[in-house]
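Q: First the structure, then my questions, so here it is.
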Amino acid sequence: MILRRVLGVATVTAALLALAHAPQSQAADTAYDVLVFSKTAGFRHDAIPAGIQAIRDLGAANNFTVTATEDANAFTTANLAQYEAVVFLNTTGDVLNAAQETAFESYIRGGGGYAGVHAAADTEYGWSFYGTLVGAYFASHPAIQQVNVRVENRAHAATAHLPQVWTRTDELYNYQTNPRSTARVLANLDESSYSGGTMGADHPITWCKTIDSGRSFYTGLGHTIASYTEANFRNQLLGGIRYAAGKTKADCRPETGYTTLYNGATTGWSQAGPGSFTNSDATLTSVGGLGLLWYSAKEFRAYSLKLDWRMPGDDNSGIFVGFPASTDPNSAINNGYEIQIDATDTDDRTTGSIYGFKSADLAARNAALNPPGEWNTYEILVEGERLRVYLNGRLINDFTNTVPARSLVQGYIGIQNHGTGDDVSFRNVRIKELPGGDTTPPTVPGNNRVTATTSSSIALAWNASTDNVGVSGYDVFRENGATDVLVGSPTGTTFTVGGLAAGTGYTFYVVARDAAGNRSGASNAVTATTTGAPPSNLALNKTATADSQCAASEAPAKAVNGTVNGGNADKWCSVGASKWWQVDLGSSQSVSRVVIRHAGAGGENAAWNTRDFDIQVSTNGTTWTTVSSPRGNTANVSTHTFAATNARYLRLNVITPTSNTDAAARIYEFEAYAS
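Take the sequence shown: its letters are residues -27 to -1, 1 to 648, numbered as in mature numbering (1 follows the signal peptide of the UniProt record, and there is no 0).
Below you can see the structure in the form of structure tokens.
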């Protein structure tokens, strides 16, 4: 056994620097030991001392002790047993003899951890186990240059802190093989952003994997001395070491063939019920509730659904599967199944459970679960009536449905916003449809048309679709800016939309579906106006105030003057730090609908339409209640309905003023209507 060189007390400066770079909300790890091995039998990187010091700093700040060595005699069964992870830091060439190789392989297969940095891929070419461990061998590299690193897994501790595109400068390896079929790729290089790449459109640079009971992490970055003072790269090292040491869990199984349902864009998703989700940094975060954001664009049969989730504390959410289309979130509760996210409920209602039906295997769940503040990954595998749940790559629940009304053979998927204070975030929702089912969609419904109108309804009819097996029904949608609204799901070719406002225009289209969950394209859209006098605009010419205005001609009153015909000055505009506008209705009124006419309605650039905002109500102008939280709006005119509420004051809080970099909020008209 070699003499361990144990890290002493680090300098205050180094410790503070490492703490400043630690990932947000990371729970404290129990103490552990890391061996850093930097022996070279080929090219020697001048960044090795900086790398050792960086890992020492990270250890001082994150509760692990570092032993650094270039002595291969450290690789004995007895000596390796005291370390949770071994880091190969820019090693090159053949660095271990046969006995040392045997000891290290036994250490990994028995549950040890490996973290390889950069030239670790330029090491031990003649040892097949090491080739499997590192994932891919070095082939060549161009000159050091700037590159766009595409971060495709933002749940792993080594990459969760990174943006989707990470721009940095380093020496960029090409590899002899692509590791994607044997490892979970965490990040890849965009070869169009630099010169000298030889792997094409799929150029992995960082990945993880498991080997028997052991764990492997590798990053091809880390050639330069400057890398080891860069916060993002240091955090990548920390996350990789923590994973290798078993202090954080991840799904590192190879992943191919998945289709993205959400990775920043909410196209195809619809909100059912109250509350909403914020959408920022390719992350959805629940707000209020009880509601459901469901993928309304397609119904699924057999599939593997994967998504990443994080809760900051004792929060509550869930993933629903197997439910029919509905605007009522209770339909998913009553007709589907929820895979729960909740740290402290009863066994059949806590994380990994099929809510109310079957508890997770708690021992397996607890062994696989990352604590609040860290990301976790679910795989939900649905085949027929069988539902299996994997947490960070480990099976924790295996359930078979026996209730006909909750059949899993086909249905939609969605994520829950449970309620105020139950804040859960989601990333990278993706799905792989499994073979064996019908994949042919119905034909598009023809000749969608209006057959009758009243003051509160519009009747529609369309020509029937055809399907290779049979059409099971239709979904009728009302256009509503970025997120269209499902208003009905008839089985026939007629439908009457009720509950509409008099004298108001609406646009509808129809989509056909079959029993396998395949959906046609959208029919032609038709627009019709309900009969009767339009409802009275309660905000018209009432007193309006705001945080500020862009110019004297763009006062708050311009947003309630009843016109958008006054040119660019016929609006309220604000570039203030806190953009808000409010109107005093003069007395308490019952309000259930707000219509907002944005920049595009006034003839300006539609990219300036207000994107993210909250609508609030108050009886006294002091205490406010949020009744609607639109996100991602692109419509020139947006309509927002909510439960009827008595209010004298209405306020618009602008969160993101536009869909581009323009900083001004622009409202041409704000209208409020009674129940």
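Where a beta carbon is used, it is the ideal one built from N, C-alpha and C, also for glycine.
Could you tell me which residues DSSP puts in a beta bridge with F643?
A: Indexing the sequence shown from 1 puts residue 643 at position 670. Per DSSP, I569.
Q: Assuming T192 and I178 make a contact with CB atoms under 8 Å, what is their CB distance in whole Å?
A: Within the sequence shown, the letter at position 219 stands for residue 192. Within the sequence shown, the letter at position 205 stands for residue 178. Between I178 and T192 the Cβ distance is about 7 Å, and since that is below 8 Å, they are a contact.
Q: Tell me where the alpha helix (DSSP H) around Q383 begins and ends.
A: Start at 1 with the first residue of the sequence shown, and residue 383 comes out as number 410. Element bounds for Q383: n/a, residue is neither H nor E.
Q: Answer yes or no: do A14 and N36 have a C-beta to C-beta separation smaller than 8 Å?
A: Reading the sequence shown from its first residue, position 41 is the one you call residue 14. Reading the sequence shown from its first residue, position 63 is the one you call residue 36. Contact flag unset, no.
Q: What is the C-beta distance between N401 and L280, in whole angstroms, given that I count them as a contact (C-beta under 8 Å)?
A: Within the sequence shown, residue 401 is the residue found at index 428, counting from 1. Within the sequence shown, residue 280 is the residue found at index 307, counting from 1. With 8 Å as the limit, N401 and L280 qualify as a contact, their Cβ atoms being about 7 Å apart.
Q: Can you tell which of R359, D6, H91, R157 has its C-alpha closest to the C-alpha of Y148?
A: The sequence position of residue 148 within the sequence shown is 175, counting from 1. For the residues R359, D6, H91, R157, the minimum Cα distance to Y148 belongs to H91.
Q: Say yes only if the C-beta of S521 is nearer than 7 Å to one or more non-hydrogen atoms of the ligand PLP, and no if none qualify.
A: Questions concerning the ligand PLP fall outside what the structure shown contains, since it holds no ligand whatsoever.
Q: Note down, in chain order, each residue of its chain lying with its Cβ closer than 7 Å to the Cβ of G219, except the 5 sequence neighbours on either side.
A: Within the sequence shown, numbered from 1, the residue matching residue 219 stands at position 246. Here the set comprises E57, G86, R188.
Q: Report the three-state DSSP secondary structure of Y201 (helix, strand or coil).
A: Counted from its first residue, the sequence shown places residue 201 at position 228. Note: Y201 maps to helix in three-state DSSP.
Q: On the premise that R422 lies in contact with L433, defined as a C-beta separation below 8 Å, what is that separation, rounded to the nearest angstrom?
A: In the sequence shown, counting from the first residue as 1, residue 433 sits at position 460. In the sequence shown, counting from the first residue as 1, residue 422 sits at position 449. Yes, they are in contact, since the Cβ atoms of L433 and R422 sit about 7 Å apart, within 8 Å.
Q: Under the assumption that Y385 contacts S462 (Cβ atoms under 8 Å), give the Cβ distance between them as a whole number of angstroms.
A: Position 412 of the sequence shown, counted from the first residue, corresponds to residue 385. Position 489 of the sequence shown, counted from the first residue, corresponds to residue 462. Wrong, their Cβ atoms sit about 11 Å apart, outside the cutoff.
Q: Residue range of the beta strand (DSSP E) that A51 falls in?
A: By 1-based counting over the sequence shown, the position of residue 51 is 78. Premise fails: A51 lies in the alpha helix (DSSP H), 50 to 53, not in any beta strand (DSSP E).
Q: Can you say whether D315 is buried or exposed, counting buried as having 16 or more other CB atoms within 10 angstroms of its CB?
A: The residue you call residue 315 lines up with position 342 of the sequence shown. Per the 10 Å Cβ criterion, buried.
Q: A512 and L625 - do their beta-carbons sit closer together than 8 Å?
A: Indexing the sequence shown from 1 puts residue 625 at position 652. Indexing the sequence shown from 1 puts residue 512 at position 539. Not closer than 8 Å, so no.
Q: As a quick exercise: from I117, V533, S186, pick the residue whose alpha carbon is nearest that of T516.
A: By 1-based counting over the sequence shown, the position of residue 516 is 543. Comparing Cα positions, the closest option is V533.
Q: If you follow the alpha helix (DSSP H) that T105 is in, where does it begin and where does it stop?
A: Residue numbering aside, residue 105 sits at position 132 when the sequence shown is read from its first letter. It spans 101 to 107 - the alpha helix (DSSP H) in which T105 sits, taken as one unbroken run.
Q: Taking only runs that begin and end inside the stretch 488 to 522, name each unbroken alpha helix (DSSP H) of 4 or more residues, in chain order.
A: Entirely contained in the stretch 488 to 522, not one alpha helix (DSSP H) run reaches 4 residues.
Q: For the stretch 531 to 619, which segments carrying the alpha helix (DSSP H) assignment without a break, of at least 4 residues, lie completely within its bounds, in sequence order?
A: Whole alpha helix (DSSP H) segments, 4+ residues: zero.
Q: Can you tell me which of the three DSSP states H91 falls into?
A: Against the sequence shown, residue 91 aligns to sequence position 118. It is helical.
Q: Could you tell me whether the stretch 375 to 382 touches the stretch 284 to 291, using the rule of 3 or more Cβ pairs below 8 Å?
A: Short answer: they don't touch.
Q: So within the stretch 113 to 170, which uninterrupted beta strand (DSSP E) runs reach at least 3 residues, ignoring any that extend past its ends?
A: If we require 3 residues or more, the beta strand (DSSP E) runs fully inside the stretch 113 to 170 come out as 118 to 124, 138 to 143, 157 to 162.
Q: Relative to the alpha-carbon of V260, which residue among S11, R127, F586 has its alpha-carbon at the smallest distance?
A: Looking up residue 260 in the sequence shown gives position 287. Nearest C-alpha to V260: F586.
Q: Over the uninterrupted beta strand (DSSP E) stretch that includes G419, give me the two end residues.
A: The sequence position of residue 419 within the sequence shown is 446, counting from 1. Where G419 is concerned, the enclosing beta strand (DSSP E) stretches over 419 to 426.
Q: Which value, in whole angstroms, describes the spacing of the CA atoms of D448 and D321?
A: Residue mapping note: residue 448 aligns to position 475 of the sequence shown, counting from 1. Residue mapping note: residue 321 aligns to position 348 of the sequence shown, counting from 1. Cα-Cα distance, rounded: 34 Å.
Q: Report the rounded CA-to-CA distance for A133 versus T599, giving the unit in angstroms.
A: Stepping through the sequence shown from its first residue, residue 133 is reached at position 160. Stepping through the sequence shown from its first residue, residue 599 is reached at position 626. Their backbone Cα atoms lie some 31 Å apart in a straight line.
Q: Is Q(-4) buried or exposed, if buried means 16 or more other CB atoms sit within 10 Å of its CB?
A: Mapped onto the sequence shown, residue -4 falls at position 24. For Q(-4), the pLDDT reaches just 47, beneath the cut-off of 50, and the residue's location in the model is therefore unreliable, leaving the point undetermined.
Q: Report the option in R570, R359, T142, G173 whose CA atom is closest to the CA atom of G195.
A: The sequence position of residue 195 within the sequence shown is 222, counting from 1. Closest by alpha carbon: T142.
Q: Bridge partners of W282, per DSSP?
A: Taking the sequence shown and counting its residues from 1, one reaches residue 282 at position 309. The partner list for W282 (beta bridge, DSSP) reads N349, F399.
Q: If you follow the beta strand (DSSP E) that A76 is in, where does it begin and where does it stop?
A: Residue 76 sits at position 103 when you count from the first residue of the sequence shown. Here A76 belongs to no beta strand (DSSP E); instead the alpha helix (DSSP H) covers 71 to 82.
Q: Spatial neighbours of A23 within its chain, please: CB distance less than 6 Å, with the 5 preceding and 5 following residues excluded, ordered by chain position.
A: As a working mapping, residue 23 is identified with position 50 in the sequence shown. Once the five neighbours on either side are set aside, the close Cβ partners of A23 are I198, Y201.
Q: Can you say whether R207 is buried or exposed, counting buried as having 16 or more other CB atoms within 10 angstroms of its CB?
A: For the purposes of this step, residue 207 is taken as residue 234 along the sequence shown, with counting starting at 1. By the 10 Å Cβ count, R207 comes out buried.
Q: Helix or strand or just coil, what does DSSP make of F206?
A: In the sequence shown, the residue the question calls residue 206 occupies position 233. F206: helix per DSSP, three-state reduction.
Q: Roughly how many angstroms separate the alpha carbons of T562 and A485, rounded to a whole number?
A: Sequence index remark: in the sequence shown, residue 562 carries index 589 (1-based). Sequence index remark: in the sequence shown, residue 485 carries index 512 (1-based). It should be pointed out that residue 562 corresponds to Gln in this sequence rather than to Thr. Near 41 Å, if we compare the C-alpha coordinates of A485 and Q562.
Q: A54: which of A506, G465, D6, T240 sits nearest, CA to CA?
A: Taking the sequence shown and counting its residues from 1, the one referred to as residue 54 is at position 81. Closest by alpha carbon: D6.
Q: Note down, in chain order, each residue of its chain lying with its Cβ closer than 6 Å to the Cβ of N497, except the 5 sequence neighbours on either side.
A: As a position in the sequence shown, residue 497 is number 524, starting the count at 1. If we look at N497 and ignore the five residues flanking it on each side, its Cβ neighbours are N421.
Q: Taking V298 as the reference, give the member of T323, L159, S445 with the closest Cα.
A: Stepping through the sequence shown from its first residue, residue 298 is reached at position 325. The question names Val, but residue 298 is Ala in the sequence shown. For A298, the nearest C-alpha among the options comes from S445.
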